[in-house]
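Taking full-length UniProt numbering, I'd label the letters of the sequence shown as residues 1 to 355.
For glycine and all other residues, C-beta sits at the position ideal for the given N, C-alpha and C.
Treat the numbers as computed from the prediction; the structure is a model and nothing was measured.
What follows is a set of notes on a single structure, which appears directly below.
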Amino acid sequence: MALISYALVAADKDNDLIEPRRPGDIVQVPGSTYGGQYALKWSQKPNNVLIVKKPNDIKTEKAFIQVANWLHQSQPDMNIIVEPEVAEQFQKELPFVHVIEKSHKEDYTRTVDFAVTLGGDGTMLHLSSLFPKAAPPVVSFSLGTLCFLMSYKFEKFRHVLDDMIAGKVGLMMRMRLFCSLHQPSGKRIEVDGVEVDDRQVMNEVTLHRGRFPHLTTIDCFVDEQYLTECVADGLIVSTPTGSTAYSLSAGGPIVHPSVQSLVLTPICPRSLSFRTVLLPPSSNIELKIGDKSRSQTEVSIDGQEIFMLHKGEYVKVRMSKYPIPCVTHISDGAGWEKDINELLKWNQTFGSNIQ
1 MALISYALVA ADKDNDLIEP RRPGDIVQVP GSTYGGQYAL KWSQKPNNVL
51 IVKKPNDIKT EKAFIQVANW LHQSQPDMNI IVEPEVAEQF QKELPFVHVI
101 EKSHKEDYTR TVDFAVTLGG DGTMLHLSSL FPKAAPPVVS FSLGTLCFLM
151 SYKFEKFRHV LDDMIAGKVG LMMRMRLFCS LHQPSGKRIE VDGVEVDDRQ
201 VMNEVTLHRG RFPHLTTIDC FVDEQYLTEC VADGLIVSTP TGSTAYSLSA
251 GGPIVHPSVQ SLVLTPICPR SLSFRTVLLP PSSNIELKIG DKSRSQTEVS
301 IDGQEIFMLH KGEYVKVRMS KYPIPCVTHI SDGAGWEKDI NELLKWNQTF
351 GSNIQ
């Protein structure tokens, strides 16, 4: 099951095609071409699709069966891939699906041409965790709560997937973060004697005092230069995509997903002058648990995983070179601007309705 290459076409200006390439060759570096919005162009018809669904939800399970059966019937040559627990749950209804074991995550990157998510924003964050390197184009259908990252209503799935397979969709290259957790010696931290792997982060890395009553103390460094001592409930490093999540609730700014940047936001800081700092994408951030900290500090990765850090241990965060290519609307007025108005109710007065 070999990967199908694709090209990107600038959606907002006349531009030549960026040469077709395997998805692993499409990487982001500070100031790179791969930011913003593009149109997708397949080199040939995609062969392998991964479907990821929200767990333990009857509505999503029905939608999943519907999408899988429709793809199997309309695209009989296409391989439909699911996670092992999903294949086990639906082995009677969907005997034709393929499985990639969790212990072989690299096979997702080597195999999947595009992915479909069914659920809410948490489902998209889970999908991101399946791709420790290059990620395929992802088309998302809203079946969750907020669904800020889910571009389409489920009722439109047949039309949208037809366009996806035909290469008639737009892509937003959403930046991710690269995160590693370290002991004072510089080695990776361990859990039950096993080193914690580095992580790709779509929304945010959060350091928080958790259940402990005392404020946490975090020494902040940028490009190996001391920035400040953060005494607070915690600290968030978010992507532009994550700027509308926890960082926004903590008082951070809304950042357009095309703007390459790292957003450093304190959570209830002791100093009232400590406000969000927007850092350039070339920044290397190090957050070290200070000697003055009176307890452990929790580290949360996209709200999906939690690790514990002790004094002297630290987190390194920088821009990842592997973005998530998210299928999005190009010119129908249903993009990011509409999302912040309709979903976040941005700058609306009480009782107002956006038309």
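Checklist entry - Which residue from F90, A166, R174, L171 puts its Cα closest to that of S74? => result Reading the sequence shown from its first residue, position 74 is the one you call residue 74. Nearest of F90, A166, R174, L171 to S74, Cα basis: A166.
Next on the checklist: Quick check on G251: buried or exposed, where buried means 16 or more other Cβ atoms within 10 Å of its Cβ?
Outcome noted: By one-based count along the sequence shown, residue 251 stands at place 251. Exposed is the call here.
Checklist entry - Since D219 sits in a beta bridge, which residues does DSSP pair it with? => result The residue you call residue 219 lines up with position 219 of the sequence shown. Paired residues: E229, K288.
Checklist entry - Whose C-alpha, out of L279, G122, G312, S258, is nearest the C-alpha of T328? => result Here residue 328 refers to the residue found at position 328 of the sequence shown. The candidate whose alpha carbon is nearest that of T328 is S258.
Item to check | CA-to-CA distance, E195 to Y246, given in whole angstroms | outcome: Indexing the sequence shown from 1 puts residue 246 at position 246. Indexing the sequence shown from 1 puts residue 195 at position 195. Computed Cα separation, rounded: 27 Å.
Item to check | Same chain, Cβ closer than 6 Å to V99, neighbours up to 5 away in sequence not counted | outcome: On the sequence shown, position 99 is the one that residue 99 refers to. Cβ within range, chain order: P84, A87.
Checklist entry - Excluding sequence positions up to five away, which residues of its chain have a Cβ less than 6 Å from the Cβ of G312? => result Indexing the sequence shown from 1 puts residue 312 at position 312. Answer for G312: P184, listed in chain order.
Next on the checklist: Taking only three categories from DSSP, how would you classify W346?
Outcome noted: Here the question's residue 346 lines up with position 346 in the sequence shown. Coil at W346, not helix or strand.
Checklist entry - Could you give the residue range of the beta strand (DSSP E) that holds G119? => result Start at 1 with the first residue of the sequence shown, and residue 119 comes out as number 119. Where G119 is concerned, the enclosing beta strand (DSSP E) stretches over 114–119.
Checklist entry - So does the stretch 290–297 actually touch the stretch 101–108, counting three or more Cβ pairs closer than 8 Å? => result no
Checklist entry - What are the residues that DSSP puts in a beta bridge with T206? => result For this step, residue 206 is matched to residue 206 along the sequence shown. Per DSSP, I236, S300.
Checklist entry - Between the Cα of E93 and the Cα atoms of V67, T111, D77, which residue gives the shortest distance? => result As a first step, residue 93 is located in the sequence shown; it is residue number 93 there, counting from the start. Minimum Cα distance to E93 is reached at V67.
Item to check | Beta carbon of L161 nearer than 9 Å to that of W42 | outcome: Numbered from its first residue, the sequence shown carries residue 161 at position 161. Numbered from its first residue, the sequence shown carries residue 42 at position 42. Going by C-beta atoms, L161 is not nearer than 9 Å to W42.
Item to check | Any 3 or more C-beta pairs closer than 8 Å across the stretch 48–56 and the stretch 116–132 | outcome: yes
Item to check | Pairwise C-alpha distance: G210 and G120 | outcome: Indexing the sequence shown from 1 puts residue 120 at position 120. Indexing the sequence shown from 1 puts residue 210 at position 210. Whole-angstrom Cα-Cα distance: 25 Å.
Next on the checklist: Would V263 and E286 be called neighbours here (beta carbons separated by less than 9 Å)?
Outcome noted: Reading the sequence shown from its first residue, position 263 is the one you call residue 263. Reading the sequence shown from its first residue, position 286 is the one you call residue 286. Taking 9 Å as the Cβ cut-off, V263 and E286 do not qualify as a contacting pair.
Next on the checklist: Taking a contact to mean a Cβ-Cβ separation below 9 Å, would you say I289 touches D219 in this structure?
Outcome noted: Position 289 of the sequence shown, counting from 1, holds the residue named residue 289. Position 219 of the sequence shown, counting from 1, holds the residue named residue 219. In this structure, D219 lies closer than 9 Å to I289 by Cβ.
Next on the checklist: Let me check understanding here. Comparing Cα to Cα, which of V112, N284, D77, I65 lies closest to L118?
Outcome noted: By 1-based counting over the sequence shown, the position of residue 118 is 118. Per the Cα distances, I65.
Item to check | Beta-bridge partners of C326, as assigned by DSSP | outcome: The residue given as residue 326 occupies position 326 in the sequence shown. Paired residue(s): V138, M172.
Next on the checklist: I need the straight-line Cα distance from L309 to L181, nearest angstrom please.
Outcome noted: The residue given as residue 309 occupies position 309 in the sequence shown. The residue given as residue 181 occupies position 181 in the sequence shown. Approximately 9 Å between the Cα atoms of the pair.
Next on the checklist: What residue range does the beta strand (DSSP E) around P266 cover?
Outcome noted: Position 266 of the sequence shown, counting from 1, holds the residue named residue 266. 262–269 is the span of the beta strand (DSSP E), which, as asked, contains P266.
Checklist entry - Can you check whether the CB of L171 is closer than 9 Å to the CB of L8? => result For the purposes of this step, residue 8 is taken as the residue at position 8 of the sequence shown. For the purposes of this step, residue 171 is taken as the residue at position 171 of the sequence shown. Yes.
Checklist entry - Taking 8 Å as the line, does the beta carbon of L215 fall inside it for any heavy atom of the ligand SAM? => result The ligand SAM is not part of this structure, which contains no ligands at all.
Item to check | Same chain, Cβ closer than 6 Å to N284, five either side skipped, listed in chain order | outcome: As a working mapping, residue 284 is identified with position 284 in the sequence shown. Result list for N284: D223, R318, in chain order.
Next on the checklist: In the DSSP output, what is I306 paired with across the bridge?
Outcome noted: In the sequence shown, residue 306 corresponds to position 306, counting from 1. I306 is bridged to S300.
Checklist entry - Are there 16 or more other CB atoms within 10 angstroms of the CB of C230, so buried, or fewer, so exposed? => result As a first step, residue 230 is located in the sequence shown; it is residue number 230 there, counting from the start. Answer is buried; the Cβ neighbour count reaches 16.
Next on the checklist: On a Cα-Cα basis, can you pick out the residue from T265, S320, Q225, K321 that is closest to V277?
Outcome noted: Here residue 277 refers to the residue found at position 277 when the sequence shown is read from its first residue. Nearest of T265, S320, Q225, K321 to V277, Cα basis: T265.
Checklist entry - Would DSSP call R318 helix, strand or coil? => result The residue you call residue 318 lines up with position 318 of the sequence shown. Strand.
Checklist entry - For I100, does the three-state DSSP call read helix, strand or coil? => result Here residue 100 refers to the residue found at position 100 when the sequence shown is read from its first residue. Of the three classes helix, strand and coil, the one that applies to I100 here is coil, per DSSP.
Next on the checklist: Taking its Cβ as the centre, do 16 or more other Cβ atoms sit within 10 Å of L272, making it buried, or is it exposed?
Outcome noted: Position 272 of the sequence shown holds residue 272. Burial call: exposed.
Checklist entry - Could you give the C-beta distance for T111 and A134, rounded to a whole number, given that I count them as a contact under 8 Å? => result Locating residue 111 in the sequence shown gives position 111, counting from the first residue. Locating residue 134 in the sequence shown gives position 134, counting from the first residue. Incorrect: roughly 12 Å between the Cβ atoms, too far for contact.
Item to check | For D113 and P46, the rounded distance between their alpha carbons | outcome: The count along the sequence shown starts at 1 and reaches residue 46 at position 46. The count along the sequence shown starts at 1 and reaches residue 113 at position 113. Straight-line Cα distance between these residues: approximately 6 Å.
Item to check | C-beta contact flag for I236 and V205 at 9 Å | outcome: Mapped onto the sequence shown, residue 236 falls at position 236. Mapped onto the sequence shown, residue 205 falls at position 205. Result yes, Cβ atoms of I236 and V205 sit closer than 9 Å.
Item to check | Local Cβ density within 10 Å of C268, reported as buried at 16 or more and exposed below that | outcome: Mapped onto the sequence shown, residue 268 falls at position 268. With fewer than 16 other Cβ atoms within 10 Å, it is exposed.
Item to check | Cross-strand partners of R294 (DSSP beta bridge) | outcome: Counting from one through the sequence shown, the residue named residue 294 turns up at place 294. Note: R294 sits in no beta bridge, so no partner.
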